[in-house]
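Trainee: Residue numbers (the working numbering), protein chains in the order written: chain A, 1 to 887; chain B, 1 to 282.
Would you mind keeping the following structure in view while I ask a few things?
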Amino acid sequence: MGTSFGRGGATTFPADLQGSDCIVIQGSNMAECHPVAFQWVMEAKARGAKVIHVDPRFTRTSAVADLHVPLRAGSDIAFLGGLIHHVLTQGADFREYLVAYTNAPTILREDFADTEDLDGLFSGFDPATRHYDPVTWQYEGMKVAAAAGQRDEEHDDWVRRRARAGHETQRADAMGSHGAVFGGRPERDETLQHPRCVYQVLRRHFSRYTPELVEELCGVPRELFLEVAEAICSNSGRERTTAFVYAVGWTHHTVGVQYIRTAAILQLLLGNIGRPGGGIMALRGHASIQGSTDIPTLFNILPGYIPMPHAHHDQDLAAFIAGDAGDTGYWGNMGAYTVSLLKAWWGDKAQPENDFCFDYLPRLDGPAGTYQTVAGQIDGTVKGYFLVGENPAVGSANAKMQRLGLANLDWLVVRDFSLIESATFWKDGPEIETGELRPEEIGTEVFFLPAAAHTEKDGSFTNTQRLLQWHHKAVEPEGDDRSDLWFYYHLGRRIRDKLAGSADEMDRPILDLTWEYPTEGPLAEPSAEAVLREVNGWGPDGRALGSYTELAADGSTACGCWIYCGCFAGEVNQTARRRPASEQSWVAPEWGWAWPANRRILYNRASADPGGRPWSERKAYVWWDEDQGRWTGHDVPDFEPTKHPGYVPPEGARAEEAIGGADPFIMQADGKGWLYVPSGLVDGPLPTHYEPVESPVPNPLYACQHNPVREGMARPENPYNPSGGAPGSEAFPFVFTTYRLTEHHTAGGMSRWQPYLSELQPEMFCEVSPALAAERGLEPLGWATIVTARTAIEARVLVTDRMAPLKVGGRTIHQVGLPYHWGPNGLVRGDAANELLAVVMDPNVHIQEAKCATCDVIPGRRPRGPALLALVERYRRQAQSPPGGGR
Amino acid sequence: MSVSVTTGTNRLAGPLADPAGEAGWEGAPPRVGFFTDTSVCIGCKACEVACKEWNRVPDDGFRFLGHSYDNTGGLSASTWRHVAFVEKPLPDGKGLAWLMSSDVCKHCTHAACLDVCPTGALLRTEFGTVVVQEDVCNGCGYCVPACPYGVIDQRPGDGRAWKCTLCYDRLGQGLEPACAKACPTKSIQFGPLDELRQRARSRLAEVRASGAASARLYGEDPGDGVGGAGAFFLLLDEPEVYGLPPDPVVTTRDLPSMWRRAAVAAGALLAGAAAAFLGAAQ
Numbered sequence: 001m002g003t004s005f006g007r008g009g010a011t012t013f014p015a016d017l018q019g020s021d022c023i024v025i026q027g028s029n030m031a032e033c034h035p036v037a038f039q040w041v042m043e044a045k046a047r048g049a050k051v052i053h054v055d056p057r058f059t060r061t062s063a064v065a066d067l068h069v070p071l072r073a074g075s076d077i078a079f080l081g082g083l084i085h086h087v088l089t090q091g092a093d094f095r096e097y098l099v100a101y102t103n104a105p106t107i108l109r110e111d112f113a114d115t116e117d118l119d120g121l122f123s124g125f126d127p128a129t130r131h132y133d134p135v136t137w138q139y140e141g142m143k144v145a146a147a148a149g150q151r152d153e154e155h156d157d158w159v160r161r162r163a164r165a166g167h168e169t170q171r172a173d174a175m176g177s178h179g180a181v182f183g184g185r186p187e188r189d190e191t192l193q194h195p196r197c198v199y200q201v202l203r204r205h206f207s208r209y210t211p212e213l214v215e216e217l218c219g220v221p222r223e224l225f226l227e228v229a230e231a232i233c234s235n236s237g238r239e240r241t242t243a244f245v246y247a248v249g250w251t252h253h254t255v256g257v258q259y260i261r262t263a264a265i266l267q268l269l270l271g272n273i274g275r276p277g278g279g280i281m282a283l284r285g286h287a288s289i290q291g292s293t294d295i296p297t298l299f300n301i302l303p304g305y306i307p308m309p310h311a312h313h314d315q316d317l318a319a320f321i322a323g324d325a326g327d328t329g330y331w332g333n334m335g336a337y338t339v340s341l342l343k344a345w346w347g348d349k350a351q352p353e354n355d356f357c358f359d360y361l362p363r364l365d366g367p368a369g370t371y372q373t374v375a376g377q378i379d380g381t382v383k384g385y386f387l388v389g390e391n392p393a394v395g396s397a398n399a400k401m402q403r404l405g406l407a408n409l410d411w412l413v414v415r416d417f418s419l420i421e422s423a424t425f426w427k428d429g430p431e432i433e434t435g436e437l438r439p440e441e442i443g444t445e446v447f448f449l450p451a452a453a454h455t456e457k458d459g460s461f462t463n464t465q466r467l468l469q470w471h472h473k474a475v476e477p478e479g480d481d482r483s484d485l486w487f488y489y490h491l492g493r494r495i496r497d498k499l500a501g502s503a504d505e506m507d508r509p510i511l512d513l514t515w516e517y518p519t520e521g522p523l524a525e526p527s528a529e530a531v532l533r534e535v536n537g538w539g540p541d542g543r544a545l546g547s548y549t550e551l552a553a554d555g556s557t558a559c560g561c562w563i564y565c566g567c568f569a570g571e572v573n574q575t576a577r578r579r580p581a582s583e584q585s586w587v588a589p590e591w592g593w594a595w596p597a598n599r600r601i602l603y604n605r606a607s608a609d610p611g612g613r614p615w616s617e618r619k620a621y622v623w624w625d626e627d628q629g630r631w632t633g634h635d636v637p638d639f640e641p642t643k644h645p646g647y648v649p650p651e652g653a654r655a656e657e658a659i660g661g662a663d664p665f666i667m668q669a670d671g672k673g674w675l676y677v678p679s680g681l682v683d684g685p686l687p688t689h690y691e692p693v694e695s696p697v698p699n700p701l702y703a704c705q706h707n708p709v710r711e712g713m714a715r716p717e718n719p720y721n722p723s724g725g726a727p728g729s730e731a732f733p734f735v736f737t738t739y740r741l742t743e744h745h746t747a748g749g750m751s752r753w754q755p756y757l758s759e760l761q762p763e764m765f766c767e768v769s770p771a772l773a774a775e776r777g778l779e780p781l782g783w784a785t786i787v788t789a790r791t792a793i794e795a796r797v798l799v800t801d802r803m804a805p806l807k808v809g810g811r812t813i814h815q816v817g818l819p820y821h822w823g824p825n826g827l828v829r830g831d832a833a834n835e836l837l838a839v840v841m842d843p844n845v846h847i848q849e850a851k852c853a854t855c856d857v858i859p860g861r862r863p864r865g866p867a868l869l870a871l872v873e874r875y876r877r878q879a880q881s882p883p884g885g886g887r
Numbered sequence: 001m002s003v004s005v006t007t008g009t010n011r012l013a014g015p016l017a018d019p020a021g022e023a024g025w026e027g028a029p030p031r032v033g034f035f036t037d038t039s040v041c042i043g044c045k046a047c048e049v050a051c052k053e054w055n056r057v058p059d060d061g062f063r064f065l066g067h068s069y070d071n072t073g074g075l076s077a078s079t080w081r082h083v084a085f086v087e088k089p090l091p092d093g094k095g096l097a098w099l100m101s102s103d104v105c106k107h108c109t110h111a112a113c114l115d116v117c118p119t120g121a122l123l124r125t126e127f128g129t130v131v132v133q134e135d136v137c138n139g140c141g142y143c144v145p146a147c148p149y150g151v152i153d154q155r156p157g158d159g160r161a162w163k164c165t166l167c168y169d170r171l172g173q174g175l176e177p178a179c180a181k182a183c184p185t186k187s188i189q190f191g192p193l194d195e196l197r198q199r200a201r202s203r204l205a206e207v208r209a210s211g212a213a214s215a216r217l218y219g220e221d222p223g224d225g226v227g228g229a230g231a232f233f234l235l236l237d238e239p240e241v242y243g244l245p246p247d248p249v250v251t252t253r254d255l256p257s258m259w260r261r262a263a264v265a266a267g268a269l270l271a272g273a274a275a276a277f278l279g280a281a282q
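As structure tokens, then:
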């Protein structure tokens, strides 16, 4: 999303779906996982919209959709690519929108080579490092994105290995809020005829993604595919709009970012971005996940998607900003955002003379995502660990690897409601049963600290639509339960007390922090509103700021997260607003507060034509009012309010002044929606179908079977199943996919201890088709054992027609469904599906491939104790999987 | 609200405009109920959970039934809302229907459970609903076989009969029942019964017009065997598909005629006996 449009958030909000004419839900089981938001899909359906669900399984979403399209897990790029092919060959694109608002006319360099030319690789691939040099992906006549190659010369191993692509990785992470940066003005051919313009490159790139290929690769019959293609085309254009909805069914892949990119291309071609009833609705995995990337729990970004500086990479603040800020577009103001953040953290200690304490920020010297951290635990380089609302012992891919990491720590802090598996692995985890670990030999000191629930504390959730909603404490926490805010505030306070008076320079970043928050009540609970006010920021007079446009780079403003600036405007907690729906429009601007600047549909300038008039009365949303000389409409315009539609930037303009009056994608350096991404992604400027790392079939399109730059982990704990007809792959003939049910919450930490939820889904089960049950002798309500190269788990058997076998590449592919809610603890128990998964990741965002892998299924319960290891070892020998599993 | 209870005779079958009035409530508010539109149910079971949370109903055991996604099995003393899941191949052999329907006590116009209750634990409320008073019920169990839908049941280990109260306590505070409040898709609608019946008829027309030829209302007709249900349904298929009786009849409907026949039989018996004595005496 970030690379295509400029910001890494859903472009729309769920209530706007009610005005859609067609809704395609793919990579999401919205009715089950987002039932409250799903009310708007039902509302749209009641108004006559067509609802299409594309999913390997027939779910509760499919049950109420007009059309269910079953496809093979891991084949979505081919399906969406087929739709792009259809739009391009049928001339169904929204031409005026396409030419004016996207980079379709932009001309690429002569030396760019496509996957169609290089059998699955783009130009710039280095087989030795397995990384791309993205230089050839640039626009014709543009400056290269960053001279990263030179700057990397003196870097340590990781940075050197990453070489040019390393800087791009950092970029890709920062794409959460903005597009890539570049200098100069690209060449365009608005007739779209130039053979190297993006439009023509797209046509060639997707030329083989035909209905026949979709049938062969995805297992979707041609007629069904064409029904979808015709539905989205006939429901797009001036008068009508189509929305796409996705969730982790698209992100949990080694090509997850490119899944979303494919949808972005399709929606730009059809002119559905920035318009009511259109857009791409990204549904987040659980409460406030959007918030935890906006104000990140991630290693590689700072609040507001400012990239985390690299060691040696950016010597000082000026160099850091020069390297990552764009000359043009709103990202051109990164200096103001960064300095204001440093002022929020270090207050008066942050001064121009000391670079605003820029050197207090940590520096990255390598990837530090959750899976690298776990590898570090096993290797002994990571000694301590905080687990807060996270249960990796059953909730992360390759759960055994997670437990081996936990078992090799000095200390572990678990803050949760219940004694989850991550707190008890040392005495009753699966490795204790098999004899691989012995409690008396595990040195980890485990601290379990009970956590307060959201009803026991004030705070905000940032939900799926970038909407901040305040919640008030209803009751005091019981016993020793404490809020996370309490925990971190008082932990910080005690650490500062211990360090007080230290002359060690290393302690300065902690001692100089602004850490004065008012506390209240018998537990000395810090004021969450005071924290929100700091996040919002204040100006030279100490008053809360109203908008990020007020931020300055001279140190006169402080702001904890620039995209949240305005959430406390006028000294009022804007996130606590709750004006009822009946008293405002469907946009509900006075319910909570959405970033950026309370806009509900992003890029909404695109809801008007280049002249500023609505594309149609039916789809009017934001438009130019000539009399008032400003943009107006149902939402906060995502545009400078008084910039005339005819504004042409003068030569040499920078930041937002360089964005033309008809350029809706204001975070992008050229103001355009990007069909083609010249900079910012590490695995290619266009999406390409690669097979999942574990697939039962060879890639029918290219010799390149998998994403060539995927992130693997070649470790003994992490072997892979052979794939795509490789020797031994017949040992794992079936595809499995993991997912959630309405009745439980993620890995079960919040539901397996609740009787009213546990009784509704009381046991781990697998969903299989009657054909697979017959083939493997599985009895309904009996037991099945599911095996991968990692381990084997058991599950009760649910035989259902909802799991239909698919015809793929001339053979029948069976898919096995595995909900991942259970573990050994709680009221209801069962084996964890995450035991079966290997760790292999998308290279842009380091997210694991959890939605498809291969397995075998045999009847009966799994062996106990060491016999389980023997079973898995037998499979590994049969599959000839090397202990480290390769890349 | 000021209502008072008067005594009077209760009818046992047939259409009845005002069951609360019939039960002796004067100046009662309009009769309320549920319209459950199964065509928009997404099977989320929020109704089951909200009901238990509000009414403090205990869990019903942790059993994997594998009836599609249904693991509570049916309405019981400890499950007052129950979502049925029915997987059914489409008639044209192409594709699958997955029907979901949230079942609940019907709050019948003529409630046999109430009529047979010997202790007066079962009560017709001023809202026209039927409620068990847990402090009066003695666990005799007469109500259990009396219910034509198999709704009311005795709780194991407790013995008393339990069922949906239509959140009597919430109604008294002007709140809608917990299940309706929690339903995200408005599949469960609460309101005055007359309004709901109107709404249901127009909704049925919409659903049929969209191609669901076998859609129907169930329990909406005051001329049916229970005098119309206070909780009725829009179903997409025949009631049996959802596990509902096709033509429920209040089990007390025939009581008057049964008593009449019994009286005739007893009279005949007495007459016969008397004749025998008289004959013997001769």
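Backbone N, C-alpha and C define an ideal beta-carbon position, used for all residues, glycine too.
In this text the structure is predicted, and so the values were computed from the model without any measurement.
At 4 residues or longer, what runs of the alpha helix (DSSP H) sit wholly inside the region 295–355 of chain A?
Mentor: Qualifying alpha helix (DSSP H) stretches, in chain order: 317–324, 334–346.
Trainee: For E154/A, which three-state DSSP category applies?
Mentor: Taking the first residue of the first sequence as 1, we reach residue 154/A at position 154. Per-residue confidence for E154/A stands at a pLDDT of 32, beneath the threshold of 50, marking its modelled position as unreliable; the derived number appears in the next sentence. In this structure, E154/A counts as helix in the three-state DSSP scheme.
Trainee: Taking only beta-carbon positions, decide if T632/A is within less than 7 angstroms of chain B.
Mentor: If you number the first sequence from 1, residue 632/A lands on position 632. Closer than 7 angstroms: no.
Trainee: Leaving out five residues on either side along the sequence, give the residues of the same chain with a beta carbon under 6 angstroms from the beta carbon of K457/A.
Mentor: For this step, residue 457/A is matched to residue 457 along the first sequence. Answer for K457/A: K473, S483, listed in chain order.
Trainee: Excluding the 5 residues flanking V890/A on each side, which residues of the same chain have their C-beta closer than 7 angstroms to its C-beta?
Mentor: The requested residue 890/A does not occur in the structure, where chain A is confined to residues 1 to 887.
Trainee: Using a Cβ distance threshold of 8 angstroms, determine whether the region 23–34 of chain A contacts the region 739–749 of chain A, with at least three qualifying pairs required.
Mentor: Yes, since at least three Cβ pairs between the region 23–34 of chain A and the region 739–749 of chain A fall closer than 8 angstroms, the two stretches touch.
Trainee: Along the beta strand (DSSP E) that carries M506/A, what are the first and last residues, could you check?
Mentor: Numbered from its first residue, the first sequence carries residue 506/A at position 506. Careful: M506/A lies outside any beta strand (DSSP E) and carries neither H nor E.
Trainee: Going along the chain, which residues of its own chain have a beta-carbon closer than 6 angstroms to the beta-carbon of G405/A, five neighbours each way excluded?
Mentor: Counting from one through the first sequence, the residue named residue 405/A turns up at place 405. Correct list, in chain order: V374, Q377, I378.
Trainee: Please state whether DSSP places H53/A in a helix, a strand or coil.
Mentor: Along the first sequence, read from residue 1 onward, the residue named residue 53/A stands at position 53. Correct three-state label for H53/A: strand.
Trainee: Under 7 angstroms between C-beta atoms, does D59/B make it to chain A?
Mentor: Position 59 of the second sequence, counted from the start, is the residue given in the question as residue 59/B. It does; some Cβ of chain A falls within 7 angstroms.
Trainee: Could you check where the beta strand (DSSP E) with G566/A kicks off and where it finishes?
Mentor: The residue given as residue 566/A occupies position 566 in the first sequence. Careful: G566/A lies outside any beta strand (DSSP E) and carries neither H nor E.
Trainee: Using 10 angstroms around the beta-carbon of Q173/B, count the other beta-carbons present and answer buried if the total reaches 16, otherwise exposed.
Mentor: Mapped onto the second sequence, residue 173/B falls at position 173. The residue in question, Q173/B, is exposed, as its Cβ has fewer than 16 Cβ neighbours within 10 Å.
Trainee: With G223/B and T109/B assumed to form a contact (beta carbons below 8 angstroms), what rounded beta-carbon distance in angstroms separates them?
Mentor: Here residue 223/B refers to the residue found at position 223 when the second sequence is read from its first residue. Here residue 109/B refers to the residue found at position 109 when the second sequence is read from its first residue. G223/B to T109/B, Cβ: 10 angstroms. No contact.
Trainee: State yes or no: is the beta carbon of L96/B nearer than 7 angstroms to at least one beta carbon in chain A?
Mentor: Residue numbering aside, residue 96/B sits at position 96 when the second sequence is read from its first letter. Yes, because at least one Cβ of chain A sits closer than 7 angstroms to the Cβ of L96/B.
Trainee: Give every residue of the same chain whose Cβ lies closer than 7 angstroms to the Cβ of S187/B, excluding the five residues on either side of it in the sequence, and list them in chain order.
Mentor: Residue mapping note: residue 187/B aligns to position 187 of the second sequence, counting from 1. Around S187/B: T36, D37, T38, V40, C41, S102.
Trainee: Just grab the DSSP bridge partners of V531/A for me.
Mentor: Taking the first residue of the first sequence as 1, we reach residue 531/A at position 531. Answer is none; V531/A lacks a bridge partner.
Trainee: What is the DSSP secondary structure of F425/A, reduced to helix, strand or coil?
Mentor: Within the first sequence, the letter at position 425 stands for residue 425/A. If DSSP states are grouped into helix, strand and coil, F425/A belongs with the helices.
Trainee: Just the Cα atoms here: how many angstroms apart are G73/B and R415/A?
Mentor: The count along the second sequence starts at 1 and reaches residue 73/B at position 73. The count along the first sequence starts at 1 and reaches residue 415/A at position 415. Taking the straight line from one Cα to the other gives about 36 angstroms.
Trainee: Can you tell me the Cα-Cα spacing of Q574/A and Q465/A, whole angstroms?
Mentor: Numbered from 1 along the first sequence, position 574 holds the residue referred to as residue 574/A. Numbered from 1 along the first sequence, position 465 holds the residue referred to as residue 465/A. Roughly 16 angstroms between the two C-alpha positions.
Trainee: Examine the Cβ distances between the region 418–427 of chain A and the region 836–853 of chain A and report whether three or more of them are shorter than 8 angstroms.
Mentor: Result no; under three Cβ-Cβ pairs closer than 8 angstroms.
Trainee: T251/B CB to nearest chain A CB: under 7 angstroms?
Mentor: Within the second sequence, the letter at position 251 stands for residue 251/B. No, T251/B does not count as interfacial toward chain A.
Trainee: Run through the region 44–110 of chain B for me and flag every whole beta strand (DSSP E) of 3 or more residues, listed as ranges in chain order.
Mentor: Counting only runs of 3 or more, we get 81–89, 96–104.
Trainee: Report back the beta-carbon spacing between G830/A and A795/A to the nearest angstrom; my notes put them in contact at under 8 angstroms.
Mentor: Walking along the first sequence from the start, residue 830/A turns up at place 830. Walking along the first sequence from the start, residue 795/A turns up at place 795. Indeed, because the Cβ distance is near 7 angstroms, the residues count as touching under 8 angstroms.
Trainee: Please state the DSSP three-state secondary structure of G542/A.
Mentor: In the first sequence, the residue the question calls residue 542/A occupies position 542. Three-state DSSP puts G542/A in coil, outside helix and strand.
Trainee: Just the chain A side, please: which residues come within less than 7 angstroms of T129/B by C-beta, in chain order?
Mentor: Along the second sequence, one-based indexing puts residue 129/B at 129. The contacting residues do not exist; T129/B stays about 23 angstroms from chain A at best.
Trainee: Can you tell me the Cα-Cα spacing of V257/A and D158/B, whole angstroms?
Mentor: Residue 257/A sits at position 257 when you count from the first residue of the first sequence. Residue 158/B sits at position 158 when you count from the first residue of the second sequence. C-alpha separation (whole angstroms): 56 angstroms.
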